[in-house]
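Q: Attaching a single structure in structure tokens format; questions to follow.
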Amino acid sequence: RKEVEQDPGPFNVPEGATVAFNCTYSNSASQSFFWYRQDCRKEPKLLMSVYSSGNEDGRFTAQLNRASQYISLLIRDSKLSDSATYLCVVNIGTGNQFYFGTGTSLTVIP
Amino acid sequence: DVKVTQSSRYLVKRTGEKVFLECVQDMDHENMFWYRQDPGLGLRLIYFSYDVKMKEKGDIPEGYSVSREKKERFSLILESASTNQTSMYLCASREGGERPLFGQGTRLTVV
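See the structure below:
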């Protein structure tokens with residue numbers, strides 16, 4: 013079983029729509045959680061960390077559900093510039109074990 | 116602006132060649148990583164290093180080696196390149212407790 017699983021999509025949504033991605037993780041010892049954004053042929057870049065109480069950054073909201081072992085990312089009022097692949101990342105413990113989902117592809121359509 | 120820099124964006128090598136991928140970070144981070152990224156498989160850890168001359172195997176170390184002679188530089192070596200090593204290679208570094216910061220990636224094609 014993979015450590016981290018994501019729906020690969022693709023998600024094609026119109027501008028202004030709200031879209032949500034989920035990501036499940038298998039190791040209950042997971043300590044830290046992140047969402048990264050990756051543009052085509054570019055490196056992943058941190059979008060936001062995910063905190064236990066949930067957190068928001070502008071149009072982006074991240075949630076963590078430890079009981080069900082999943083994290084989510086909600087994007088409101090989608091922009092064309094949000095088109096990218098979104099990777100969920102899980103850190104086991106506090107060391108160097110990072111596990112990456114395969115990414116969810118989002119295309120925002122005019 | 117803090118940076119992780121990989122020496123090449125695109126590289127084409129022949130089967131059997133010895134290939135060096137270089138990565139330099141300017142943040143004095145202790146931990147550095149090499150991943151490869153393939154469609155449908157995501158990022159997979161090849162090797163990481165937590166200090167100069169220290170290294171640990173990741174999930175897919177076969178066919179690769181690494182070198183960390185200085186804190187800022189972490190090199191990935193393909194001893195004898197094969198076509199199944201055609202991939203996107205990503206270097207990252209981090210300070211303890213922080214999330215990884217990636218270099219721009221090297222797209223390697225082995226022909």
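Going line by line, the protein sequences match chains Z and D.
When the letters of the first sequence are read in order and numbered with my numbering, they come out as residues 13 to 122.
When the letters of the second sequence are read in order and numbered with my numbering, they come out as residues 116 to 226.
Ideal Cβ placement from N, Cα and C applies to all residues, glycine included.
Note that the coordinates shown come from a computational prediction; the quantities given were computed from them, not determined experimentally.
(1) Rounded to whole angstroms, what's the CA-CA distance from Z/Lys54 to D/Phe217? Just pull it up for me.
(2) What are the partner residues of D/Arg209, as DSSP defines its beta bridges?
(3) In the DSSP output, what is D/Thr120 paired with across the bridge?
(4) Is D/Pro176 close to chain Z, meaning its C-beta is less than 8 Å from at least one C-beta of that chain?
(5) Around the Cβ of Z/Ile121, are there at least 16 other Cβ atoms within 10 angstroms (buried) or fewer (exposed)?
(6) Buried or exposed: where does D/Met147 fall if 16 or more other Cβ atoms within 10 Å of its Cβ makes it buried?
(7) Once the 5 residues before and after D/Arg209 are set aside, which same chain residues still bring their CB inside 7 Å of it?
(8) On a CA-only basis, which of D/Met169, D/Ile161, D/Gly157 is nearest D/Tyr150? Give me that one, please.
(9) Under 6 Å Cβ to Cβ from D/Gly242, same chain only, skipping five residues before and after it: list those, please.
(10) Going by beta carbon distance, what residues of the same chain come within less than 8 Å of D/Thr201, once the five residues before and after it are set aside?
(11) Going by beta carbon distance, what residues of the same chain come within less than 6 Å of D/Arg136, once the five residues before and after it are set aside?
(12) What residues in the stretch 38-62 of chain Z have a beta carbon less than 8 Å from any beta carbon of chain D?
(13) Return yes when the Cβ of Z/Ser42 is within less than 8 Å of the Cβ of Z/Asn108, no when it is not.
(14) With DSSP run on the structure shown, which of helix, strand or coil describes D/Asp174?
(15) Following the continuous beta strand (DSSP E) through D/Gly157, name the residue where it begins and the one where it ends.
(16) For D/Asn199, which of D/Ser122, D/Ile175, D/Gln121, D/Val139 has the nearest alpha-carbon?
(17) How would you list, in chain order, the residues of chain Z whose beta-carbon sits under 8 Å from the beta-carbon of D/Phe217?
(18) Would the stretch 28-45 of chain Z and the stretch 128-135 of chain D be scored as touching if the rule is three or more Cβ pairs under 8 Å?
(19) Around the Cβ of D/Arg124, are there at least 16 other Cβ atoms within 10 angstroms (buried) or fewer (exposed)?
(20) Answer yes or no: the CB of D/Ile175 versus the heavy atoms of the ligand HEM, is any distance below 7 Å?
(21) Between Z/Gly70 and Z/Tyr98, how many whole angstroms is the CB-CB distance? I'm expecting something under 8 Å.
(22) Does chain D have any CB closer than 8 Å to the CB of Z/Thr36?
A: Quick look at the numbers:
(1) Each residue's Cα considered, the two are about 10 Å apart.
(2) D/Asn146
(3) D/Val139
(4) no
(5) exposed
(6) buried
(7) His144, Asn146, Pro215, Leu216
(8) Cα-wise, what sits closest to D/Tyr150 is D/Ile161.
(9) No answer is possible for residue 242 of chain D: the residues shown for chain D start at 116 and end at 226.
(10) Closer than 8 Å at Cβ, skipping near neighbours: Leu223, Thr224, Val225.
(11) Position check: residue 136 of chain D holds Leu in this sequence, whereas Arg was assumed. Counting only Cβ-Cβ distances below 6 Å, and skipping sequence neighbours, we find Leu191, Tyr204, Thr221.
(12) Listed by position along the chain: Ser44, Phe46, Arg53, Lys54, Glu55, Pro56, Lys57, Leu58, Ser61.
(13) no
(14) coil
(15) 157-166
(16) The residue from D/Ser122, D/Ile175, D/Gln121, D/Val139 with its alpha-carbon nearest to that of D/Asn199 is D/Ile175.
(17) Glu55, Pro56, Lys57
(18) Segment contact: the stretch 28-45 of chain Z against the stretch 128-135 of chain D, fewer than three CB-CB distances shorter than 8 Å; contact not assigned.
(19) exposed
(20) Absent from the structure shown: the ligand HEM. Ligands present: none.
(21) The C-beta separation of Z/Gly70 from Z/Tyr98 comes to about 15 Å, leaving the pair out of contact by the 8 Å criterion.
(22) no
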